[in-house]
Each structure stands twice: as structure tokens, then as C-alpha cells.
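Quick note: the sequence shown uses the working numbering, first residue 740, plus one each step. Single-structure report; data block below.
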Amino acid sequence: MENNNFTGNSNQMIDFLGNRWNFDCLGCAIVKGEVQIPGGIIYEGKHAILGADPEIPIPGFLIINVKRHIYSFSQLNKEERNEIGNLITYAEKALKELKIVDEVTLVQEERSKHLHIWIFPNYDWMAEKFGKGISYLREIAEYAKNNHNEENSRKVLEVIENIKEYLKKHNITE
Ligand SMILES: [Zn+2]
């Protein structure tokens, strides 16, 4: 995996359903609808979008993509901070209450040019195979990409639908 791909700074990607996309900025292209991520948008707020990671097929691996082309939490205004905080909270509640995973890891890298937050589900198989902690995330992501199959795609898409349903039933501002 290219270093740039991992941060979302590449200008192209092939998603886990096999679709090829070209763009100047992936975050902006998703906001404009020029890139359709697998499973579609899970939740769209005024300032941010929740979706599944388009390249790494792990059920419940979510990304919060901020709508503005900014790179840092320090650039967020109050309204954006509120919405993103709520979205992180409810995305994590969905993962736990739907019993997809008991524990997550949040990642945000400022070297990525468009602000997005990874909500990475920590499955037991990951700890058993690779160990615990953020140093293994890259290996786990590469493993998931390289060992992908149709059954796995189906599971990822099913979890996306379940989280969409969960978020429809809950008011994330409460
Ligand atoms: Zn952008």
C-alpha cells in the first residue's frame, strides 16, 4: 500500500467492490458525490459525512469525513465540533449496541490533506493475529485488503445497513 493511499492523499483508488475512482481530493469528491463509497453514505449531517472505509473491507470500519477542505481539528468551528463529537459518539454507540465490536480505535492524522477520522473496530482476531495497539493498524488494514472475498463484502455491506438503521432511529444531537 502506498503511503499516500493510507492517508487519503492519493489521487485515485480502487474501492473494495472493484470500482476505480479518480479525484483531486477524495474527501471533497465524496462530499460532492463524485465518488460513491461502497454501501453509500451512512449518515449525512450539515458538516460531516459518516461512511465505511472505501478501500479496507472490515465490517464496521467507519470514516467521518468533514465537509470543508481543512486538515485539522484546530480549524473546526463550534458547530462543526458539536456535530463531529455527536457523530463519533453515535457511531461508536451503534458499533457497541449492535454488538459489532466492543472496542474501537480512533485515528486522525494531520498529514492527510482532508480532515477525516477513522473509527477502527478492534476485533479479537486482530489482537490474536497481530497484537494490540495502533502500531498494528496498518498491517491489519493490509491483511484485510489482501484477504478480501465476496462473503466479506456482503458482511461489510450488511453492517453498513444496520448502522444506517440505528442512526435513523436515534437523534444524534441528544
Ligand atoms: Zn478536500
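Here a beta-carbon is modelled for each residue, glycine too, at the ideal position from N, C-alpha and C. Computed from a predicted structure; not experimentally measured.
N-terminal and C-terminal residue of the alpha helix (DSSP H) that residue i is part of
i           : result
residue 828 : 817 to 836
residue 774 : Per DSSP, residue 774 belongs to no alpha helix (DSSP H) and is neither H nor E.
residue 876 : 876 to 885
Coil, strand or helix - residue i by DSSP
i           : result
residue 814 : helix
residue 862 : coil
residue 854 : coil
residue 756 : coil
residue 867 : helix
Residue i - containing beta strand (DSSP E), residue span
i           : result
residue 901 : Residue 901 -> not in any beta strand (DSSP E); alpha helix (DSSP H) instead, spanning 889 to 908.
residue 915 : Nothing about residue 915 can be reported from this structure: the residues present for the chain run from 740 to 913 only.
residue 805 : 801 to 805
residue 843 : 843 to 846
Rounded C-alpha distance that separates residue i from residue j
i           : j           : result
residue 869 : residue 876 : 9 Å
residue 821 : residue 905 : 20 Å
residue 749 : residue 765 : 8 Å
residue 872 : residue 907 : 32 Å
residue 824 : residue 757 : 32 Å
residue 854 : residue 829 : 19 Å
residue 797 : residue 754 : 13 Å
residue 885 : residue 911 : 35 Å
residue 817 : residue 832 : 22 Å
residue 744 : residue 774 : With a pLDDT of only 49 at residue 744, under the threshold of 50, the placement of this residue in the model should not be trusted, and no figure is reported.
residue 858 : residue 913 : 21 Å
residue 786 : residue 799 : 21 Å
residue 819 : residue 851 : 18 Å
residue 894 : residue 909 : 23 Å
residue 839 : residue 898 : 8 Å
residue 759 : residue 814 : 31 Å
Distance cut-off 7 Å: residue i Cβ against heavy atoms of ligand 2
i           : result
residue 813 : This structure does not include ligand 2; its bound ligands are ligand 1.
Neighbouring residues (CB closer than 6 Å to any heavy atom of ligand 1): 764, 766, 767, 808, 853
Three-pair Cβ contact test at 8 Å for the region 881 to 897 versus the region 845 to 859: no
Taking contact to mean at least 3 C-beta pairs separated by less than 8 Å, is the region 775 to 786 in contact with the region 854 to 867? no
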